[in-house]
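Data block below; observations after.
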Amino acid sequence: MALQKILLVHLYSNGDCLYATALARQIKHDFPGCHLTWAVASFCRKTIANNPYVDEIMEIKTVAKDDIKAYLRFRKEIAQRKSAGEWDQVFISQILAGNEANYDGCIRSAIFRSYDRPVTVPVTPSLRLYPEEMEKVKQFAAEQQLSTYKQVILFEFAPQSGQSKITRELAMEIAEELVAQPGVAVILSSAFKINHANPAIIDGSELSFRETAGCTHYCTLLLGCSSGITWMSTSDAAKRLPMVQILNPWTRWVNPISRDFERFGISTEGLIELVDFDKEKVVACVQEAMDNFHTAKSRYHQAIPLHFRTSRNIVYNLLCYLNFPAILQHVKINRQVYGNNLSFFYEVAMGFIVFPFWLIGNTFKKKIRPRLSK
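Residues in the sequence shown are numbered consecutively from 366, following the numbering used here.
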């Protein structure tokens with residue numbers, strides 16, 4: 366039997382690509398001996414580098430994040446190349462265009478739905494560090510004297526996912542309050558360089574996204590916001606940390622950790638989520654979590670409100686391309702998950718109602734306003 370050539374398309378983001386590593390593993394399971402190529406955006410290539418289930422990486426530089434026109438052109442090109450025999454199978458798991466229909470309040474399940482077979486392999490994200498990356502983390506830990514602290518908090522404070530409204534200023538204030546307690550250090554993990562007079566407030570920007578996975582082995586708690594660092598900390602390259610998540614439950618693509626863990630049978634015992642918070646509440650919660658996580662969870666954990674606002678946007682996006690079958694699929698999927706939820710049907714209906722108004726408004730912003738400003 367000839368070697369099967371398979372292409373997996375998941376361009377971005379870091380957290381979503383980590384979810385999709387389970388699909389790569391599943392493909393290798395379903396098609397033994399196949400050659401798997403992964404098409405990924407340049408800015409997320411490192412997330413899947415050295416992955417044991419990926420034979421080849423196709424780096425895509427022509428599709429910017431959320432550039433739907435460039436993405437559709439790329440999909441057309443992929444279809445043509447498949448027809449020409451370059452690949453035997455193509456699986457596209459990016460949550461864009463028709464795949465938005467797969468969303469049901471959980472990003473990982475939406476990604477898995479793009480694959481036409483059950484996902485039976487472990488869903489733990491696969492991340493493999495290179496030896497030089499592990500050595501850099503070791504040096505970082507030594508330079509920052511992490512072993513001298515009783516508690517080392519990894520603080521994800523600059524999410525690219527929109528899952529939290531936390532600002533840099535608030536993050537600094539929280540960190541300052543936490544390190545006022547003896548024996549506590551905070552690693553501020555982001556792409557922004559942090560210079561602070563207190564050596565216990567540590568700049569984590571010198572570590573790459575991948576290297577931060579290695580850094581979890583020197584940490585005792587994660588203060589996160591359901592973005593890339595959070596999901597990286599659940600990968601097989603990281604140490605599973607108890608986590609306090611500060612979230613915006615009304616963001617467009619809401620993806621609470623509790624919902625994801627419950628869907629996939631992952632324990633939520635080490636998870637606290639805060640949606641109604643201020644500096645004082647976050648600090649008090651983390652301080653108690655460092656002392657007794659179970660007590661902190663019973664006192665501070667907040668339920669994530671269920672809403673379907675994203676469905677209004679999904680219906681609008683699909684109507685722009687007259688993709689009525691995808692709208693029906695979105696309704697079918699969410700009925701399977703939530704039953705005949707009136708709030709969901711309301712948002713679907715609103716997607717149809719607001720469509721002409723949003724279309725006119727967006728057309729004005731993109732085409733007419735630039736001409737008027739000349």
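Every residue, glycine too, gets a C-beta built ideally from N, C-alpha and C.
Remember, predicted model here, so these are calculated numbers, not experimental data.
Judged by DSSP in its simplified three-state form, E534 adopts helix. For E497, the enclosing alpha helix (DSSP H) begins and ends at P496 to E508. D568: member of the beta strand (DSSP E) spanning I566 to D568, first to last residue. For D381, the closest of C409, E500 and I566 by C-alpha to C-alpha distance is C409. Approximately 7 Å separates the beta-carbon atoms of S600 and T489; this is inside 8 Å, confirming the contact. From the listed residues M537, D420 and E576, the smallest Cα separation to K393 is found for D420. D469 is classed as buried because its beta carbon has at least 16 other beta carbons within 10 Å across all chains shown.
Per DSSP, reduced to three states, the secondary structure at A404 is strand.
For Q454, the secondary structure class from DSSP, reduced to helix, strand or coil, is strand. DSSP, reduced to helix, strand and coil, places V544 within a helical segment of the structure shown. Around G589, the same chain offers E521, T595, M608 and Q610 as residues with beta carbons nearer than 6 Å, after the five sequence neighbours per side are excluded. The C-alpha of L372 lies about 35 Å from the C-alpha of G704.
Annotation: the segment 642-709 contains the following complete segments of the alpha helix (DSSP H) (minimum length 4 residues), in chain order: 644-656, 658-665, 674-685 and 689-703.
For G450, the closest of Q369, V647 and C650 by C-alpha to C-alpha distance is Q369. E634 carries a coil assignment under DSSP once its states are collapsed to helix, strand and coil. Straight-line spacing of the CA atoms in V428 and E534 works out to 33 Å. The C-alpha of A654 lies about 50 Å from the C-alpha of F729.
Take the alpha-carbon of Y514 and the one of A550: they are about 7 Å apart.
Per DSSP, reduced to three states, the secondary structure at E521 is strand. Ranked by Cα distance from R664, the first of E638, A466 and G463 is E638.
Per DSSP, I559 lies in no beta strand (DSSP E) and is assigned neither H nor E. Nearest C-alpha to T585 among K697, F658, I433 and N560: F658.
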